[in-house]
Structures are given as C-alpha cells and as structure tokens.
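For reference, the structure discussed in these notes is given below.
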Amino acid sequence: MRSPFAVAALGLALTLTAGCGVDTASPAGAAARFHTAVAAHQDAAACALLTPKTAEKLPDPDETCAQALAALKLGPAGRVTGVEVWGDDALVRMAGDTVFLHRFSDGWRVTAAGCEPRRDLPYDCEVED
Amino acid sequence: MRWIKENALSVAFLVMFLLALAGQAWSGAIHYNEEQLVNGLQPVSVWAYVTSSSFAVDVAENWQSEYLQFLLFIVLTVWLVQKGSPESKKPGEEGPEADHEQLIGEHAEKDSPRWARVRGARLWMYSNSLGLVMGTIFVLSWLAQSVAGLAAYNSERITDLRDPVDWGWYVTSSEFWNRSLQNWQSELLAVLSMVVLSIYLRQRGSPESKPVGAPHHATSVEG
Numbered sequence: 015m016r017s018p019f020a021v022a023a024l025g026l027a028l029t030l031t032a033g034c035g036v037d038t039a040s041p042a043g044a045a046a047r048f049h050t051a052v053a054a055h056q057d058a059a060a061c062a063l064l065t066p067k068t069a070e071k072l073p074d075p076d077e078t079c080a081q082a083l084a085a086l087k088l089g090p091a092g093r094v095t096g097v098e099v100w101g102d103d104a105l106v107r108m109a110g111d112t113v114f115l116h117r118f119s120d121g122w123r124v125t126a127a128g129c130e131p132r133r134d135l136p137y138d139c140e141v142e143d
Numbered sequence: 009m010r011w012i013k014e015n016a017l018s019v020a021f022l023v024m025f026l027l028a029l030a031g032q033a034w035s036g037a038i039h040y041n042e043e044q045l046v047n048g049l050q051p052v053s054v055w056a057y058v059t060s061s062s063f064a065v066d067v068a069e070n071w072q073s074e075y076l077q078f079l080l081f082i083v084l085t086v087w088l089v090q091k092g093s094p095e096s097k098k099p100g101e102e103g104p105e106a107d108h109e110q111l112i113g114e115h116a117e118k119d120s121p122r123w124a125r126v127r128g129a130r131l132w133m134y135s136n137s138l139g140l141v142m143g144t145i146f147v148l149s150w151l152a153q154s155v156a157g158l159a160a161y162n163s164e165r166i167t168d169l170r171d172p173v174d175w176g177w178y179v180t181s182s183e184f185w186n187r188s189l190q191n192w193q194s195e196l197l198a199v200l201s202m203v204v205l206s207i208y209l210r211q212r213g214s215p216e217s218k219p220v221g222a223p224h225h226a227t228s229v230e231g
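Protein chains in written order, with the working numbering: chain A, 15 to 143; chain B, 9 to 231.
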C-alpha cells in the first residue's frame, strides 16, 4: 500500500498552504491608500476601496457612503507595522488602526477599518461589513 | 486485459478514488461559492478552490484518519486477537511470530523478497514496512491538516474581525481536535463493526468474510 502519489499530493498541499511567497505589500498598500484618502477628505475615493458589502452597509438610508465615512472622522492611521495574509483575507496593523481586507479579482478591498481590539472578542470597528 | 483482470481491485479503487476526489472538488467549489455570494464576496474557480486551504484541510483530515485506522488495525492485530473474527489471528498466536512462520532469514524461500533474507536493520525495516509507511503517511496527513487547517481557520478569523493565531495555538485548539476526533471516532467504529460483525455475518466469496458455513467460533478463517 505504498503510495508515492499520496505523499506527493500531501507535499503539494503543504506547499500550497504554507504561505510561500505571500504578497503582503498589496494589502498593506490598499490599507494605506484607504487611510490616505480618508485623511485627504477624498471620501468617495476611500469608499471605492471598500468591499461592496461594507460600502453598502456603512451609510444610513438618507446618505451616501462618502458622507457616512466623512461623519465617522477616522483618526490618522500612521505607518504600517504588520501584515498577515491568510488565503484571500488580510489584516494590516497600522500605528493608529487595524484594517481588515479581502482579495477581489481587481485587488484588495477594505472589509473593516477604524478597529479597536477587545479582549477575547472580535475587533470593534467603526467601518465593517 | 489480463493485467487489468489481475489488478482489478486496485484499479477499481483508484478510479473510484479519483471520481470521488473530483466530485468533492466540484461540489465543494459550488458550496464554497454559495457562501462567498452570501458574504458579498466573489465566486472562485474550481481550480482556485482545490488549491485553497479550505479544500486541503478537508482532504487531509480524512486522509489522516483513514491511514490512522489502517495503521492501528495493522499494528494492533499483531498483539490483540478477537475470537471468531476472520480479521484476527487465533488466540495464542499473539506477537510477531517465529522466523520460520514469517519465512525470514534462513527460512526465506526462493522467491522471498531480498530484504527478508538478510538480518539486521534492513530485515527489521522490511518486517515493519507496512506499518511504517502507513504511519508516515498518517503523520504527514495530520501535519498537512494542521497547516491547511491553520490557514483556513485564520482566514475565517480575519473575516470575523479577530486576530489570526499561530500553529501552536491552532494544534491545541478545539477546532483542530474536533476535526480530528470526529473522523477518528467514525473510523474506529467502522473497524470495530468489521471485527465483530464478521464473527456472525458472512459475505459469500469475500476474503474479508469467513466461508458461509464456517462456525462462529472459527478464528482466522477467510473465505
């Protein structure tokens, strides 16, 4: 019952899942662009970097995404201090924020921002889906 | 044609394995994409799905439990017997057995494998090669489950706005052990069923069964 196929397939599985050559620059760049747009009051541009679901959920019925984002007055995020990418999801730690992202066919989009950690609970985010 | 006839059992299982794996990939991708759409995310291709940690962990967790099942069955049946079961040796025959029974060393026959004729490490390794290979595949599969499971679990944690965890945290987590134990319990039950039911029930013509007319107390008799 020797099975070189099984061993080879497992080796492939390990390689595929071990995170070899993970691109951390792209989600970091997307998080930084989001916060740069927010800081420059380019709220429509910032909204374009949100996932469709997050952008849809953010505004109240009588306002736009840009208006809702401007009203939140997110603080400065500062520099990127750490990035973790797992599959199509990423978490970008910045000096003043933790940003959650998901990979789409046209690049990384922000699922949540303005997040504060809570002990043993999910982050509490001002922008989330 | 003769080759296929003489290897029909392996060929049949290989074909069924590939069909089942392809079916798992196809149906898994459909299910995965249903969840993607519910969560406002883009559907992925079947190839993207089969190279994802979600597919890898599902495959690996089943593989490790199957190889563990056979490893335990191979090794435990050396030392433990079940009276009346065709899967067991007769009571009193427990253990690795004598050299002349195992046809090793000077008791090897003309067409015995080469490593069965020699003494030392090679004989020990060949004498335990089935268990060693099954055990190695089990360990590698379980390791693959832990690595792929960590990736899939951390992807879910990020989606849930939680910090990712490291490998040490994951392999001591309820998620990892729940995935492992839910597979182990079913494999162990299947072996238990085979060992016990084959005492009393028969499948005519199957070498996994006693002959239909064999008494219930007959042990190590295959049809």
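For each residue, glycine too, the CB sits at the ideal point set by N, CA and C.
Interface criterion not met: the Cβ of B/Arg127 is under 8 Å from no Cβ in chain A. DSSP places B/Asp171 outside both helix and strand once states are collapsed to three, so it counts as coil.
Against chain A, the CB of B/Ala106 has no partner CB under 8 Å away; the residue lies outside that interface. A distance below 7 Å between beta-carbons, with the five flanking residues on each side excluded, links B/Asn191 to the following residues of its chain, in chain order: Glu69, Asn70 and Ser73. Relative to B/Ser61, the option among B/Leu45, B/Ala37, B/Gly103 and B/Asn186 whose CA is nearest is B/Ala37.
In the three-state reduction of the DSSP assignment, B/His115 falls in the helix class, which pools H, G and I. Here the alpha carbon of A/Tyr137 sits roughly 51 Å from the alpha carbon of B/Ala20. DSSP places A/Thr112 in the uninterrupted beta strand (DSSP E) bounded by Asp111 to Phe118. Between B/Leu169 and chain A, the shortest Cβ-Cβ separation is below 8 Å.
Annotation for B/Glu183: Gly157 and Tyr161 place their beta carbon closer than 8 Å to its own, counting only its chain and skipping 5 residues before and after. Under the criterion of beta carbons closer than 8 Å, A/Leu64 and A/Val113 do not qualify as touching, at roughly 11 Å. Annotation for B/Val58: the continuous alpha helix (DSSP H) segment containing it runs Val54 to Val58. Across the structure, B/Met202 and B/Met24 are spaced so that their CA atoms are roughly 21 Å apart. Assigned with DSSP and collapsed to three states, B/Val67 falls in helix. Any Cβ of chain A closer than 8 Å to the Cβ of B/Leu88 would place that residue at the interface, and such an atom is absent.
The criterion of a C-beta distance shorter than 8 Å is satisfied by A/Gly101 and B/Ser163. Residues Val89, Gln90, Lys91, Gly92, Ser93, Pro94, Ser96, Lys97, Lys98 and Pro99 of the same chain have their beta carbon placed closer than 8 Å to that of B/Thr227, with the five preceding and five following residues left out of the count.
Spanning the alpha carbons of A/Glu140 and B/Leu189 requires a straight line of approximately 39 Å. Between B/Val54 and B/Gln44, the C-beta gap is not smaller than 8 Å, which leaves the two residues out of contact.
Membership of A/Pro66 in the alpha helix (DSSP H) is indicated by the continuous run Pro66 to Lys71.
Looking from the CA of B/Val58, the closest CA among B/Trp34, B/Tyr75, B/Leu79 and B/Gln50 belongs to B/Trp34. Under the 8 Å criterion on CB atoms, A/Cys139 is classed as interfacial with respect to chain B.
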